[in-house]
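Chains as they are written, first to last, in this note's numbering: chain A, 1 to 115; chain B, 1001 to 1111.
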Amino acid sequence: DSGVTQTPKHLITATGQRVTLRCSPRSGDLSVYWYQQSLDQGLQFLIQYYNGEERAKGNILERFSAQQFPDLHSELNLSSLELGDSALYFCASSTQRLAGLREQFFGPGTRLTVL
Amino acid sequence: GENVEQHPSTLSVQEGDSAVIKCTYSDSASNYFPWYKQELGKGPQLIIDIRSNVGEKKDQRIAVTLNKTAKHFSLHITETQPEDSAVYFCAARFGNEKLTFGTGTRLTIIP
């Protein structure tokens, strides 16, 4: 158990809908990262937050957004869902903003299925 | 940006034998190289990492080697056991930039 929690574990929805994925980092970790894992593209970095502020952006679509709250939990919002958004979404956390110096711990993921 | 290639995509090894997974990276400035193990239904778990100032690192049956000149690094698992069956990902990062992952290797240990 990495100490990172994600809810829900599974999510099934229809195209055009909007969903929110939630992540709670390990106790004491200030950085939260979101990744998308699909069969054909592996693990893709989406976005990072550090202590409530956006720190880095990866291949995140404009239909997707995220935020980190004062209690450090984070939410990833996916809107206008398309079939191709079906994937595993992982959250990871690390201790410092300079995450190159610290490893990332991954949560168990949320499996999103868009029908 | 950084590009990481990982080979092979699948690997079957007899129990007790060794397994080797190789990755190459494109950004010569990358200085941190973690390896993750992902079991079915779980998130990736860090199993070993190496920084660019080190050529080799071992942790029991697992070792990682880094060749900065050739820009490649490898994961070595010795005396493989059934519980080593999983998908393994390599990754590379420069400083505090994002991790770039390889495409994964599905390792199957044959009893």
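Idealized CB from N, CA, C, for every residue including glycine.
Pull up the distance between the alpha-carbon of residue i and that of residue j, whole angstroms please.
i                : j                : result
L81 of chain A   : P1111 of chain B : 43 Å
V32 of chain A   : P25 of chain A   : 7 Å
S1074 of chain B : Q17 of chain A   : 42 Å
F106 of chain A  : K1042 of chain B : 9 Å
E1015 of chain B : T1108 of chain B : 9 Å
G100 of chain A  : G1001 of chain B : Model confidence at G100 of chain A stands at a pLDDT of 48, short of 50, so the residue's coordinates are unreliable and nothing is read from them.
A66 of chain A   : E1079 of chain B : 43 Å
C1090 of chain B : V1013 of chain B : 19 Å
E1039 of chain B : E1056 of chain B : 25 Å
F1094 of chain B : I1047 of chain B : 19 Å
A1063 of chain B : H1076 of chain B : 5 Å
P8 of chain A    : N1003 of chain B : 31 Å
A1019 of chain B : L1011 of chain B : 8 Å
F90 of chain A   : H1007 of chain B : 23 Å
G42 of chain A   : G84 of chain A   : 14 Å
Does chain A have any CB closer than 9 Å to the CB of residue i?
i                : result
D1049 of chain B : yes
T1010 of chain B : no
Q1128 of chain B : Residue coverage of chain B in this structure runs from 1001 to 1111, which leaves residue 1128 of chain B outside it and unanswerable.
P1057 of chain B : Looking at the sequence shown, residue 1057 of chain B is not Pro but Lys. It does not: the Cβ of K1057 of chain B has no partner Cβ on chain A nearer than 9 Å.
A1063 of chain B : no
A1091 of chain B : yes
So, is the C-beta of residue i closer than 9 Å to a C-beta in chain B?
i              : result
Q36 of chain A : no
E54 of chain A : no
S2 of chain A  : yes
A87 of chain A : no
P70 of chain A : no
L43 of chain A : yes
A66 of chain A : no
Residue i touches chain A at which residues, Cβ-Cβ below 9 Å?
i                : result
L1040 of chain B : Within chain A, no residue comes near L1040 of chain B; the closest Cβ sits about 11 Å away, beyond 9 Å.
K1022 of chain B : Near K1022 of chain B there are no residues of chain A at all, since even the closest Cβ is about 16 Å away, more than 9 Å.
T1078 of chain B : Here the premise fails: no neighbours, minimum Cβ distance about 23 Å.
Reducing DSSP to helix, strand and coil, say where residue i ends up.
i                : result
G42 of chain A   : strand
D71 of chain A   : coil
E1056 of chain B : strand
E62 of chain A   : coil
F105 of chain A  : strand
D1017 of chain B : coil
P1034 of chain B : strand
D1084 of chain B : helix
Using a C-beta to C-beta distance shorter than 8 Å, which residues of chain B count as neighbours of residue i?
i               : result
E103 of chain A : P1034, L1046, D1049
G58 of chain A  : K1098
Name the chain B residues whose beta carbon is nearer than 9 Å to that of residue i?
i               : result
F106 of chain A : Y1036, Q1038, K1042, G1043, P1044, Q1045, L1046
So with CB distances below 7 Å, who are the chain A contacts of residue i?
i                : result
F1101 of chain B : G42, L43
Can you list, in chain order, the residues of the segment 6 to 32 of chain A whose Cβ is nearer than 7 Å to any Cβ on chain B? none
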